[in-house]
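Here's the structure we're looking at; comments come further down.
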Amino acid sequence: MMSKIGEFLKEAGVFFLATADGNQPKLRPLGAFLEEDGKVIFGVGEFKNVYRQLAANPLAEIVACKKDGHWLRYTGRAVFETDDKYAEEMIQRFGLDAIYNEQTGNILKTFHLEDATAVDIPVMGAGESFL
C-alpha cells in the first residue's frame, strides 16, 4: 500500500527537490521515487552537483503540486541508503540503465528523508500533516 506522500507524488508526476549550494538554494525537477521498507526513496547521480550538495548539507525539501491546487511540502534530512538494491530497482523500474551502467561509470545514489515533516497544503486554508 502506498503512503499518502507516495500517492501525492505519483499523482503530481513531477516534483522538485530543493538543496543548498552554500548560500544559494537550488531546485531541480524529479519524477522517480520508490516506496520500500517503509521509506519514500529518491535517487540522484553521484556525479551531479545535487549529490555533492546533499552530502555537504543534507537538509532538503521536496515540493509537488497537483492539478487541484493542493501542494505537498516534504522537508527533512537526506540519509543515503547503504543497500544498492534500491538503486538497482530504481534504474530498472524507470529505465535509467542508459545513464547508470558500467560503460558510463555513473552511479545512482538513493536516499530518504529523516526527521521529516510532510504537509498537504490547499490553495486556501490549513494544511494536513501526513506524518
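Here this note's numbering runs 31 ahead of the position in the sequence shown, where the first position is 1.
The beta carbon of each residue, even a glycine, is placed where N, CA and C say it ideally should be.
Since we're looking at a predicted model, the values are computed, not measured.
Looking at C-alpha atoms only, which residue of the options is the closest neighbour of residue i?
i, options, result
"Val154", "Phe125, Arg104, Met121 and Gly100", "Gly100"
"Val71", "Ala118, Thr50 and Leu58", "Ala118"
"Gln84", "Asp128, Ala43 and Val110", "Val110"
"Tyr131", "Val75, Glu66, Leu61 and Leu58", "Val75"
"Phe78", "Leu139, Ser34, Leu144 and Val94", "Leu139"
"Leu144", "Phe125, Asn80, Met121 and Leu162", "Leu162"
"Gly126", "Ala63, Pro56 and Met32", "Ala63"
Looking at the secondary structure, which residues open and close the alpha helix (DSSP H) in which residue i lies?
i, result
"Phe180", "Outside the shown range of the chain (32 to 162) lies residue 180, about which nothing can therefore be said."
"Leu61", "Segment Gln55 to Leu61 is the beta strand (DSSP E) holding Leu61; no alpha helix (DSSP H) there."
"Val81", "Asn80 to Ala87"
"Glu119", "Lys116 to Arg124"
Pull up the CB-CB distance for residue i and residue j, whole angstroms please, since I reckon it's below 8 Å.
i, j, result
"Glu92", "Tyr82", "Not quite, the Cβ-Cβ distance comes to about 16 Å (not below 8 Å), so this is no contact."
"Lys97", "Phe39", "7 Å"
Where residue i and residue j are concerned, what is the direct C-alpha to C-alpha distance, given to the nearest angstrom?
i, j, result
"Trp102", "Asn137", "32 Å"
"Leu90", "Gly107", "6 Å"
"Asp151", "Thr141", "24 Å"
"Glu42", "Ile36", "10 Å"
"Gly53", "Ala87", "9 Å"
"Thr135", "Glu159", "43 Å"
"Asp68", "Asp114", "12 Å"
Residue range of the beta strand (DSSP E) that residue i falls in?
i, result
"Gly107", "Trp102 to Phe111"
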